[in-house]
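**Q** Okay, so the sequence shown: first residue is 1 according to the UniProt record's numbering, each after it adds one. For every residue, glycine included, the Cβ atom is placed at its ideal position computed from N, Cα and C. Treat the numbers as computed from the prediction; the structure is a model and nothing was measured.
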Amino acid sequence: VVFATPGMLHAGQSLQIFRKWAGNEKNMVIMPGYCVQGTVGHKILSGQRKLEMEGRQILEVKMQVEYMSFSAHADAKGIMQLIRQAEPRNVLLVHGEAKKMEFLKQKIEQEFRRCQLLHASQWRDHYHPHQPLHPCGHLTGPAQEGNSHRLMHGTLLMKDNSFRLVSPEQALKELGLAEHQLRFTCRVHIQDPRKEHETVLRVYNHLKGVLKDYSVQHLPDGSITVESILIQATAHSEDQGTKVLLVSWTYQ
1 VVFATPGMLH AGQSLQIFRK WAGNEKNMVI MPGYCVQGTV GHKILSGQRK
51 LEMEGRQILE VKMQVEYMSF SAHADAKGIM QLIRQAEPRN VLLVHGEAKK
101 MEFLKQKIEQ EFRRCQLLHA SQWRDHYHPH QPLHPCGHLT GPAQEGNSHR
151 LMHGTLLMKD NSFRLVSPEQ ALKELGLAEH QLRFTCRVHI QDPRKEHETV
201 LRVYNHLKGV LKDYSVQHLP DGSITVESIL IQATAHSEDQ GTKVLLVSWT
251 YQ
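1) Pick out whichever of Y34, A11, V1 has its Cα sitting closest to the Cα of K26.
2) Here's the rule I'm using: 16 or more other beta-carbon atoms within 10 Å means buried, otherwise exposed. How should R89 be labelled?
3) Thinking C-alpha only, which one of S167, I44, Q13, G176 is nearest I30?
4) Quick check on H189 - is its C-beta less than 9 Å from some C-beta in chain C?
5) With DSSP run on the structure shown, which of helix, strand or coil describes Q191?
6) Per DSSP, what kind of secondary structure is N90 in: helix, strand or coil?
7) On the DSSP bridge assignment, give the partners of A233 in chain order.
8) Using 8 Å for Cβ pairs, my map puts C136 next to L165. What's the rounded Cβ distance?
9) Are V216 and Y204 closer than 9 Å when you measure CB to CB?
10) May I ask which residues mark the beginning and end of the beta strand (DSSP E) holding Q64?
11) Distance check for F18 and M68, CA to CA, integer angstroms please.
12) DSSP three-state label for P135, please.
13) What separation, rounded to the nearest whole angstrom, lies between the Cα atoms of G47 and K62?
14) Can you pull the DSSP bridge partners for M31?
15) Taking the alpha helix (DSSP H) that T155 falls in, what are its first and last residues?
16) Based on Cα-Cα distance, which residue from S167, D160, N161 lies nearest to G154?
17) Return the first residue and the last residue of the alpha helix (DSSP H) that K43 is part of.
18) Counting C-beta neighbours from all protein chains within 10 Å, is the total for T234 16 or more, i.e. buried, or is it exposed?
19) Determine the direct distance from the alpha carbon of M158 to that of C35, and round the result to whole angstroms.
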């Protein structure tokens, strides 16, 4: 006896075993649930005995095919029991096999007459939950004069059913976590036969003249910074006349 996935026999180990065992009438496959149309599982449950597999190979199915209703989530009995215990005013049926969904719909309407049944394709609603939020630290500073609204950037912490908005630094401290910095890097190829440090100097002078309103620095290690942006130059591995500028910046 082999338990294998996926249950629809559309790929993986279960399909490999099925291909080896399908030609023997002494074998049996038990399909444990609904199979999507077009899958091998759906075809054999529909009674198809000759299947076209990869490479247009024809697989003759001689093994016995049985179906056993098994749900990995909740079956009709479990759903009915949940409705009986929870006594909801509304029940929304989301998805499932059409015929079985219709059967379940009728059972719910018969047994729970006070319960309103909703269909997912026709149901639209909006929720407006009220949950007070308490900003902490420097986030509680006064808004700009004449403006009662302002944009806040922080981390939402939940404890004992209360919510607090704190700064990222405070959140890391309270949670005992180390900060991880995410950086993005872009490679720019330029034609320059000079050495790397000379290329960097040319780029630095150019940026210094163009970006006069920004802080442009030439660091001792040979890299350039424009505010939080880092620029480094390296020679191309195959063409020494080509320099590669690595432009790196943090996620803002």
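**A** This is what the structure gives:
1) For the purposes of this step, residue 26 is taken as the residue at position 26 of the sequence shown. The shortest Cα separation from K26 among Y34, A11, V1 belongs to V1.
2) Position 89 of the sequence shown, counting from 1, holds the residue named residue 89. By the neighbour-count criterion, in which a residue is buried when 16 or more other Cβ atoms sit within 10 angstroms of its Cβ, R89 is exposed.
3) Numbered from 1 along the sequence shown, position 30 holds the residue referred to as residue 30. Of the candidates S167, I44, Q13, G176, the residue whose Cα lies closest to the Cα of I30 is I44.
4) Here there is only one protein chain, and chain C is not present.
5) As a first step, residue 191 must be located in the sequence shown, where it is residue number 191. The answer is strand: DSSP assigns Q191 an E or B state.
6) Indexing the sequence shown from 1 puts residue 90 at position 90. If DSSP states are grouped into helix, strand and coil, N90 belongs with the strands.
7) Position 233 of the sequence shown, counted from the start, is the residue given in the question as residue 233. L245.
8) Your numbering for residue 136 matches position 136 in the sequence shown. Your numbering for residue 165 matches position 165 in the sequence shown. Indeed, because the Cβ distance is near 7 Å, the residues count as touching under 8 Å.
9) Taking the sequence shown and counting its residues from 1, the one referred to as residue 216 is at position 216. Taking the sequence shown and counting its residues from 1, the one referred to as residue 204 is at position 204. Yes, the pair counts as a contact, with Cβ atoms nearer than the cut-off.
10) The residue given as residue 64 occupies position 64 in the sequence shown. It spans 64-67 - the beta strand (DSSP E) in which Q64 sits, taken as one unbroken run.
11) The count along the sequence shown starts at 1 and reaches residue 68 at position 68. The count along the sequence shown starts at 1 and reaches residue 18 at position 18. Each residue's alpha carbon lies about 17 Å from the other.
12) In the sequence shown, counting from the first residue as 1, residue 135 sits at position 135. DSSP places P135 in strand when its eight states are reduced to three.
13) For the purposes of this step, residue 47 is taken as the residue at position 47 of the sequence shown. For the purposes of this step, residue 62 is taken as the residue at position 62 of the sequence shown. In this model, G47 and K62 are separated by some 11 Å (Cα to Cα).
14) Start at 1 with the first residue of the sequence shown, and residue 31 comes out as number 31. In the DSSP assignment, M31 is bridged to Y67.
15) The count along the sequence shown starts at 1 and reaches residue 155 at position 155. The continuous stretches of alpha helix (DSSP H) do not include T155, which lies in the beta strand (DSSP E) extending over residues 155-159.
16) The sequence position of residue 154 within the sequence shown is 154, counting from 1. Ranking the options by Cα distance to G154, first place goes to S167.
17) To locate residue 43, count along the sequence shown from 1; it is residue 43. For K43, the uninterrupted alpha helix (DSSP H) run begins and ends at 40-45, by DSSP.
18) Here residue 234 refers to the residue found at position 234 when the sequence shown is read from its first residue. Under this definition T234 is an exposed residue.
19) On the sequence shown, residue 35 is found 35 positions in, with the first residue counted as 1. On the sequence shown, residue 158 is found 158 positions in, with the first residue counted as 1. Straight-line Cα distance between these residues: approximately 41 Å.
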